[in-house]
Structures are given as structure tokens and as C-alpha cells.
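Please read the structure below before turning to the comments.
Protein chains in written order, with my numbering: chain C, 3 to 256; chain L, 7 to 264.
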């Protein structure tokens, strides 16, 4: 029991320790700056802003945009990757777009997106879609290509129809890679939405951060950062939960 | 290696896009903000002659190179430390697992006020966001080393220093490069956002200048430069990786496809 408690403290001491140091440093007046409000002050603002619904509203805007772009990228990207792995024509047509385009920083295209789709939600969702599409397509493509042909041959040998082969052999075999791609894309979607909101919008957590930093109220900025962190963590855990259901035969190496 | 028809297909979409863009742009069938490719090249040439392009490029390159190097070095040192020493690991793990899911760009206003609008704020926020993927990759890499390798070396009386340089480093190198590559991609995203939101120089400023003055050819020239910069850095990193990992590409993407 004591050994367990000691182990637990040994594992998790750093966050409380740093928070305590921070609180003491600010509370004793050793550090005096609007840039570094004490954790207690941040917590107070966090409670107030969640209570008034402000943070909840902006967070829901950000999350819904991120999830829409992310879902769209998944719905389009996974079949696309499968088609690329299956058909030589598709592969030759699109492989350079995805493999050469992968390292190109697409963020620079965002100004063009705002011209095409306007400054509101649509340009953010479209841009998130683009940014998420790349990791999803590339990772799933490797998943679909890595399937051992003898599995497919065996199924064909038993007279399985194409739909059955797809559902029972190809999809399960590619599933770990599909989830790996989704797990890379999910934080990307949140990053992209927050950045684009910071660049220009009137709602969303990115806007919330910008507007409160121009008012020099960094307590609110920290509160918003905290909310983003919690949202990202919760979304990632949800994805892992879905994964453990879908890929129950393989554990995620944490 | 590749047949001619494959190569032709590979280039189909890019070439068709550029040609259609050019023809429709010249015929005024596209919205005015999509400058024709030839106009973009002309703007690039114009900016190159006036030297503006190189000033912006130098500022961006300086920020991203320095920020990336600092973040990478710190990520590798802390990550290897966390992988080898349990105490270091237990200090960093809770912090990183909380901060990892936060887009580092959210800290930009704080960095801007701490370090000002100049180079320092961009360099520090780039370093901050490069740190995390590199740290996570190197930490996981050390922990996933096959212990038999280390035991064997110890059994033969290898000093710890030699084990570190001859066993640990080669074993973690492939995963380390994967983390560094993600870090490089993050560096460019953060660079763009940081320059656009609070800066007076750099490629992103060139882009927003083009936007403000309705010179869309300049905007696209900046976008092209930014894309090329990111692409070339990634290629350089990949070349270094191939050189370092000669013959150790087992289990990496290259091998899966072959």
C-alpha cells in the first residue's frame, strides 16, 4: 500500500510540484507579471468562464469545426487510400500528389482558402479537411498495401465474393493502420482550427485567445489553453476507446 | 526503374492543373484572386530582382533553422534522458502527456509578450513546438530497444559510454528521425502562424502584404516560396536520414513498399 502510494507519487509529482512552485512564486511576489497569473487565479477565471458559458461556447465551435474536417477527411481519405492501393491507375495518378505533397507546408495556402470559402466556418473546415487528408491517406495506403496477398488468395480459394473479402479480410487487416492515421490526424485537426481561428475569426477558442491577449488578460488565455488541452485529451481517449473495440485483437503500445 | 507511361501518369494531375489554371486565368474565367501561374513566376522574378524575396526568405529561414535546431536538440537530450533514467522519465511524462495535445501555437500571445515581435519570439515558440514530437519519439525509441542487445554488450564488458554510442544511438536512430520529421513539419506550421499573427518580416508577411495590397501574384509567390522551403528542408532531412541509416531501413516505410 505504502509502496504503491510512493510509486504513484513518484510518477505524478511533477505537475503538482510545478503548479505549487508557480503559485508560491507568484503569491510571494517574487514574480510579478500579468504574463504569469497564479494557478489559483487561472482556476477562478476558468470556473467563471465555464459557468457563464463563454468558454463552453467557443470550445464547442472549435471542436465541431475540427471534428467536421476530421470526419470528412476520414470518410474521403480511407476509400481513397484503398483505391490507390488497389488500382494501378489511381496509384500512378495520385501517389506523387500525396507523397510529394506530404512535406509541403500547406498552411501557407490558408489565405487562398479564405478567398474561396470565406472567412467563416467553411474555410476552416475545408482547410482542416486538407490537412487531415494527408496523414490519413498516406498511413492507410501503407496499411492496405501491407496486406499479405496469401490471405486474399486463401479467401478467393474458398470462393469468397469480393464484398466479403473486403469486409472480412482487407478491412480488418488494414484497421490498425487506419487508426494510426486517424490518431495522427486528430490533433492536427485541432491545431489547424485553432491557428486559423487565431488568424482571423470572431468565434472559437483561437479567437478567444487572441482577443483576451490583446486585452492583456492572460488569465483568460491560460484558461483557454487549459480547455484546449482537456478537449484534445478527451478526443484522443475517445478514439482509443473506439480503436480498442474495432481492433480488439491488437493492443495499442502506449 | 519506372516506365515512361507511369511517369506520364504521375505528372498528369500537376501539369493539367497548371495548364487549366493558366488558360482559364488568362481568359478571365477564374476569380481574380487566382493569379495565373505565369504571373506568379513573373512576380517571383520581380521580387527576386528587387531583393525583397531574399530578405523575407532569410528572415523565415533564420527563424525556422534556429528554432528547429534548438527544439530538436532539447527534445533529443530530454527524450534520451527520459528513456534511460526512470527519474527523468517520471518528471517529464505527466507534463508531456498533458501539453502534447495542446496546439503550441496557443502559447503564441504569451511568447510574443515575453520576447517581443522580433526573431526571439518566433524562434522560441518553434523550438517549443518541435520539442514535443522529438521528445516523445526518442523516449519511446529508447524504451523499445531490445534489452538483449544491451545485455549482450554489458556481458562482453562494454563500458556504458560505448554502449550508449554503439548500441543505444543506432537502435533509436530510425524512430528518432521519424520524430524529427514530424517536428520539422510542426516548425513550418508554427512559423507561418507566428509570422502572420505578430511579425514585421518573413515569407508569411510577404503573403499578407500581397493580400492587403491586392497583389495576388505576390501572395502566390510567397506561398510558392514557403512551400518550396518546407519541401526542400524535408528532402534534406530525408537525405541525411538515408545517409545515417544506410542499411538499417528494416521495418521502415521504404521497406514495406518495396
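Where a beta carbon is used, it is the ideal one built from N, C-alpha and C, also for glycine. Computed from a predicted structure; not experimentally measured.
- Residue 146 of chain C places its beta carbon 8 angstroms or farther from that of residue 249 of chain C.
- Contact check for residue 168 of chain C against residue 78 of chain C fails: the beta carbons are separated by 8 angstroms or more.
- Contact between the region 196-205 of chain C and the region 62-74 of chain L is absent: fewer than 3 CB-CB pairs across the two stretches fall below 8 angstroms.
- Here residue 33 of chain L is exposed: its Cβ has fewer than 16 other Cβ atoms, across all protein chains shown, within 10 Å.
- By the Cβ criterion, the region 89-104 of chain L is not in contact with the region 171-190 of chain C, since fewer than three pairs of Cβ atoms, one from each stretch, lie closer than 8 angstroms.
- Residue 216 of chain L is a Cβ neighbour of residue 228 of chain L, given a cutoff of 8 angstroms.
- By the Cβ rule, the region 131-148 of chain L does not count as touching the region 218-225 of chain C, because fewer than three pairs are nearer than 8 angstroms.
- In this structure, DSSP gives residue 141 of chain L a helical state, which the three-state scheme calls helix.
- Close CB contacts of residue 57 of chain C within its chain, under the 6 angstroms cut and outside five residues either way in sequence, are with 51, 229 (chain order).
- One thing to note: residue 171 of chain C has its Cβ within 8 angstroms of the Cβ of residue 157 of chain C.
- Under the criterion of beta carbons closer than 8 angstroms, residue 83 of chain C and residue 143 of chain C qualify as touching, at roughly 4 angstroms.
- Using a CB distance cut-off of 8 angstroms, residue 154 of chain C does not count as an interface residue toward chain L.
- Residue state for residue 162 of chain L is assigned as coil, using DSSP reduced to three classes.
- For residue 57 of chain L, the three-state secondary structure derived from DSSP is coil.
- Comparing alpha-carbon positions, the option among L:16, L:127, L:89 lying closest to residue 68 of chain L turns out to be L:127.
- With a 10 Å radius around the Cβ and a threshold of 16 neighbouring Cβ atoms, residue 83 of chain L comes out exposed.
- Distance from the Cα of residue 70 of chain C is smallest, within the candidate group C:236, C:192, C:219, C:239, for C:192.
- Annotated three-state conformation of residue 94 of chain C is helix, per DSSP.
- Ranked by Cα distance from residue 66 of chain L, the options L:236, L:244, L:180 are led by L:236.
- If you check the CB distance, residue 231 of chain C and residue 132 of chain L do not come in under 8 angstroms.
- With a threshold of 8 angstroms between beta carbons, residue 199 of chain L makes contact with chain C.
- Under the 8 angstroms criterion on CB atoms, residue 217 of chain L is classed as interfacial with respect to chain C.
- At a cut-off of 8 angstroms between C-beta atoms, residue 200 of chain C counts as an interface residue with respect to chain L.
- Contiguous alpha helix (DSSP H) elements confined to the region 36-65 of chain C occur at 41-53, taking only those with 4 or more residues.
- Contact check between the region 219-233 of chain L and the region 106-122 of chain C: three or more CB pairs, one atom from each, fall below 8 angstroms, which counts as touching.
- A residue is called buried once 16 or more other Cβ atoms fall within 10 Å of its Cβ, and residue 49 of chain C, having fewer, is exposed.
- Ranking L:165, L:206, L:85 by CA distance to the CA of residue 146 of chain L puts L:85 first.
- Of L:136, L:173, L:164, L:167, the smallest CA-CA separation from residue 153 of chain L is found for L:173.
- Its chain contains 222, 223 as the residues whose beta carbon lies nearer than 6 angstroms to that of residue 214 of chain C, once the 5 sequence neighbours on both sides are disregarded; these appear in chain order.
- Of L:37, L:166, L:190, L:241, the smallest CA-CA separation from residue 119 of chain C is found for L:37.
- Put simply, the backbone Cα of residue 63 of chain L is about 14 angstroms away from that of residue 225 of chain L.
- Taking residue 77 of chain L as the centre and dropping the five residues before and after it, the same chain places the C-beta of 133, 136, 137 closer than 6 angstroms to its C-beta, in chain order.
- Annotation: residue 171 of chain L is outside any alpha helix (DSSP H) and is labelled neither H nor E by DSSP.
- Residue environment for residue 130 of chain L: buried (at least 16 other C-beta atoms within 10 angstroms of its C-beta).
- For residue 38 of chain L, the secondary structure class from DSSP, reduced to helix, strand or coil, is coil.
- At least 8 angstroms separates the beta-carbon of residue 40 of chain C from that of residue 31 of chain C.
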